[in-house]
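Step one of this worksheet: look at the structure below.
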Amino acid sequence: MRHKARGVVARKKGAPVEVLDILVPDPGPGEAVVAVQACGVCHTDLHYREGGIGSEFPYLLGHEAAGVVEAVGPDVGNVRPGDFVVLNWRAVCGRCRACRRGRSQYCFDTRNARRPMTLEDGTPLTAALGIGAFADKTLVAAGQCTKVDHESDPAVVGLLGCGVMAGIGAAVNTAPVRLGDTVAVIGCGGVGCAAVAGADFSGARQVIAVDLDSRKLAWAEQLGATDLVNARHADPVEAIRTLTGGVGADVVIDAVGRPETFQQAFYARDLAGTVVLVGVPGPEMDLDLPLIDVFSRGGAIKSSWYGDCLPERDFPALVELHEQGGIDLDAFVTERIALGEVETAFDRMNNGEVLRSVVVL
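With UniProt numbering applied, the sequence shown covers 1 to 361.
See the structure below:
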């Protein structure tokens, strides 16, 4: 049986998204249908629309989501109907070589639902990041559902499903930031501001926020930045070095993901410091870095995938931390919008007007 729902669909590369009727199958083995309550508007969804991730159009967009499990298929033991969950795109397999080595954050065989959701005419939809949550309901692998406190605000905790978790995790899990560290974050959109919050929570004594936009720097300050650098008016490397007594930061997080910002991060760290790349570069980008400079510096260069998170471990812990006042997740929700306003939200995101627009269903 298939259930009718509304969903935001990108029919072809670069075309405006549309709200269309879609059909959601009953869950099969290891699957769950989730009634979506809220879903954040992320740059990744725009990358899908623009063809920057793949070409398997039409796409059902949306992935930073929370909702209530409506039905489960056979062989599902982690959730049941009525559970309030945050959706994730890392349903680990437990069997690949990464999982067997105890490094499930690098799982090479993450799970998604096997059967596609479709348009009414039967055209299969590709669900963004295996989720597709700009919709009244969606079909996912049960492992993509993480139970959290049912009294949580879906618009707030759903953001852990991608950008907020990526930024916090880059600081807390990947770096990891230690008590007393100096930290610089280059790029203060949603992911960068989350990295600022994660660094502050981890006990950094100094958190330097770098961006071209004064609005984003103000958001970073609200979330724990101690120093602000507007890269329109100052060289970020020189500014970070000056603010850290001439030596550079212990941890520099590149939340932009461009060759120029990565070079800034590389040269702005202390000689034994750590560079973390969490901003996602485009496939056409190349890095030109003298190998002797890499050799001449110790420390580490790390990539952070999804904040190196394990959803079952990290989502409930961060929700509890938020409820106790340890991290202000509410600050990431700039506006709450309807399903038909996603295209406008993309424009606002591109213009740097919001940390996150959140679709509320």
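Idealized CB from N, CA, C, for every residue including glycine.
In whole angstroms, give me the CA-to-CA distance for residue i and residue j.
i           : j           : result
residue 329 : residue 66  : 14 Å
residue 355 : residue 190 : 5 Å
residue 85  : residue 145 : 6 Å
residue 114 : residue 45  : 21 Å
residue 100 : residue 94  : 7 Å
residue 302 : residue 227 : 24 Å
residue 22  : residue 298 : 53 Å
residue 132 : residue 159 : 14 Å
residue 213 : residue 253 : 17 Å
residue 311 : residue 55  : 28 Å
residue 207 : residue 125 : 42 Å
Please report the residue range of the alpha helix (DSSP H) in which residue i lies.
i           : result
residue 316 : 311–323
residue 250 : That residue, residue 250, is in no alpha helix (DSSP H); its beta strand (DSSP E) goes 249–254.
residue 347 : 342–350
residue 398 : The first residue shown for the chain is 1 and the last is 361, placing residue 398 beyond what the model contains.
Can you check whether the CB of residue j is closer than 8 Å to the CB of residue i?
i           : j           : result
residue 196 : residue 210 : no
residue 19  : residue 6   : yes
residue 182 : residue 239 : no
residue 68  : residue 34  : yes
residue 333 : residue 155 : yes
residue 257 : residue 290 : no
residue 117 : residue 61  : no
residue 229 : residue 177 : no
residue 71  : residue 32  : yes
residue 41  : residue 360 : no
residue 157 : residue 148 : yes
residue 152 : residue 319 : yes
residue 279 : residue 300 : no
residue 171 : residue 192 : no
residue 51  : residue 13  : yes
residue 331 : residue 337 : no
residue 276 : residue 304 : yes
residue 91  : residue 110 : yes
Contact check, residue i vs residue j under 8 Å by CB: the rounded distance?
i           : j           : result
residue 9   : residue 58  : 5 Å
residue 306 : residue 165 : 7 Å
residue 194 : residue 167 : 3 Å
residue 169 : residue 64  : Incorrect: roughly 14 Å between the Cβ atoms, too far for contact.
residue 180 : residue 200 : 13 Å between Cβ atoms; not a contact.
residue 264 : residue 236 : 5 Å
residue 261 : residue 187 : 6 Å
residue 143 : residue 78  : 7 Å
residue 30  : residue 215 : 43 Å between Cβ atoms; not a contact.
In the DSSP assignment, find the beta strand (DSSP E) that holds residue i and state where it starts and stops.
i           : result
residue 174 : From DSSP, residue 174 is part of no beta strand (DSSP E); its letter is neither H nor E.
residue 273 : 269–277
residue 100 : First-last for residue 100: 97–100, but that is the alpha helix (DSSP H), not the beta strand (DSSP E).
residue 23  : 18–25
residue 228 : 227–230
residue 207 : 206–211
residue 303 : 300–303
residue 335 : 335–337
residue 8   : 2–10
Kindly indicate if chain D contains any beta-carbon less than 8 Å away from that of residue i.
i           : result
residue 220 : In summary, chain D is missing from the structure at hand, where a single protein chain is found.
*Which runs of the beta strand (DSSP E), 3 residues or longer, sit entirely within the UniProt domain "Alcohol dehydrogenase-like N-terminal" (28–148)?*
31–40, 64–72, 84–87, 137–141, 145–147
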